[in-house]
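Here the sequence shown stands for residues 1 to 325, where the numbers follow the numbering used here.
What follows is a set of notes on a single structure, which appears directly below.
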Amino acid sequence: MTNYIFRRTLQTLIVIGVLSYFCYYMMTLMPGDPVELMIQANPKITSEDITRLRSIYGLDQPIYARYGKWLGTIMNGDLGYSRTYRIPVTEMLGPRLINTFYLSMSALLLSLAIAVPLGVLAALNRGTKLDYGIGLFAFGGISTPSFWLGIVLILIFGVWLKVLPASGTYTVGLDESQMSYWNVFTDRFTYMILPMMTLAYLTIGNFLRFTRSSMLDSMGNDYIRTAKAKGLPWRRVVIFHGFRNALLPLITTITLSFSSVFSGATITETVFAYQGMGRLIYESIISNDFNVAMICVMITVTMVLILNLLADILYSFADPRITLK
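See the structure below:
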């Protein structure tokens with residue numbers, strides 16, 4: 001297993017390097033650069049100033065040279081500055097990552113807590129009205145646009161019932177340093193409920209369908225009939241024989257879903273004005289904040305690749321028949 005992990009880690013690093021250059025190149029194709037923004041802000045700027053500024057920002061160099069310089073600064077731990085907020089990127093990423101982590105983890109756990117039992121229940125009652133009803137619920141989550149669902153939840157709970165805040169991350173004006181941990185948690189969780197419900201419902205459908213199909217395949221195998229023939233309790237047959245073998249396809253889906261913990265949900269966070277990574281990516285692209293957008297995209301790419309590796313490793317623990325060679 002050690003050799004396998006080493007090879008996969010090396011492959012992951014190579015892919016990250018290639019994708020980082022590709023993402024950097026795509027970012028350079030974005031309309032506008034720092035100098036053009038300065039020209040728009042100051043029409044009296046001279047051509048000599050433009051040439052000097054392009055030299056300072058390295059815009060007069062080829063892309064590969066600019067990429068090499070950018071990569072060198074990243075390797076030294078310098079993520080650059082935000083053009084929009086005029087602060088280091090590291091100061092922006094910390095709070096946004098924490099907010100997105102809480103939101104995405106809560107939505108992921110909620111969706112799994114609902115989808116997995118419903119998927120197992122639908123598989124055990126295949127072809128019944130219950131199965132069709134659960135399937136309709138799953139397809140509703142898959143086909144519902146996130147922005148539409150977010151607006152509907154805002155209208156119901158924020159405008160009509162007025163029981164939950166319609167947008168934001170926390171109550172503006174509160175001094176959290178003077179509040180207890182429980183009060184801070186309650187305040188932030190109240191603002192997180194609606195975006196959490198939106199993200200959870202959008203992911204329930206995929207988890208539910210995967211769970212149902214995996215359970216149907218698992219319950220149709222010979223070892224299930226053998227376990228029932230031995231007289232094992234039905235609950236033990238379902239949980240220890242059927243569900244455990246149905247976990248394999250779910251592992252990939254669940255582990256890859258963890259990438260959203262760090263990348264955020266751009267549309268949902270934008271609709272609810274939630275200060276997370278998804279909204280930060282949207283704001284940085286709209287404002288042409290190159291450093292912020294590039295770092296956010298690389299975090300997303302890196303997490304997806306790392307979680308792919310984690311999924312392969314978890315296969316061996318879920319099924320002893322699988323060997324990592």
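We treat Cβ as the ideally placed atom computed from N, Cα and C, and that holds for glycine.
Quantities reported herein were computed from a predicted structural model and do not represent experimental measurements.
Item	Value
Look up Y81 in the DSSP assignment and give the residues it is bridged to.	P88
How about L164: is its C-beta nearer than 8 Å to some C-beta of chain D?	Protein chain content of the structure displayed is limited to a single chain, and chain D is not contained in it.
Look at the alpha carbon of V152 and the alpha carbon of A122, and state the distance between them as a whole number of angstroms.	28 Å
Here's a check: name, in chain order, each residue in its chain whose Cβ is nearer than 8 Å to the Cβ of S9, leaving out the five neighbours to either side.	Rather than Ser, the amino acid found at residue 9 in this sequence is Thr. Cβ within range, chain order: L309.
For a test of the three-state rule: what should DSSP assign to N125, helix, strand or coil?	coil
Are the beta-carbon atoms belonging to L59 and V89 less than 8 Å from one another?	no
Hey, quick one: how far does the alpha helix (DSSP H) through M26 stretch, first residue to last?	2-28
Helix, strand or coil, according to DSSP, for F210 in the structure here?	helix
Okay, do the region 265-273 and the region 238-249 touch, 3+ Cβ pairs below 8 Å being the bar?	no
Kindly list the residues whose CB is nearer than 7 Å to the CB of G276, restricted to its own chain and excluding five residues on each side of it in sequence; keep chain order.	R96, N99, T100, L103, G264, E269
Go ahead and pull the three-state DSSP assignment for N99.	helix
Going by C-alpha distance, which of G17, G173, Y24 is nearest D187?	G173
According to DSSP, simplified to helix, strand and coil, what is G231?	coil
Excluding the 5 residues preceding and the 5 following N245 in the sequence, name in chain order all residues of the same chain whose CB lies nearer than 7 Å to its CB.	S218
Once the 5 residues before and after P411 are set aside, which same chain residues still bring their CB inside 7 Å of it?	Lying before the first or after the last residue shown, residue 411 is absent from the chain, which here runs from 1 to 325.
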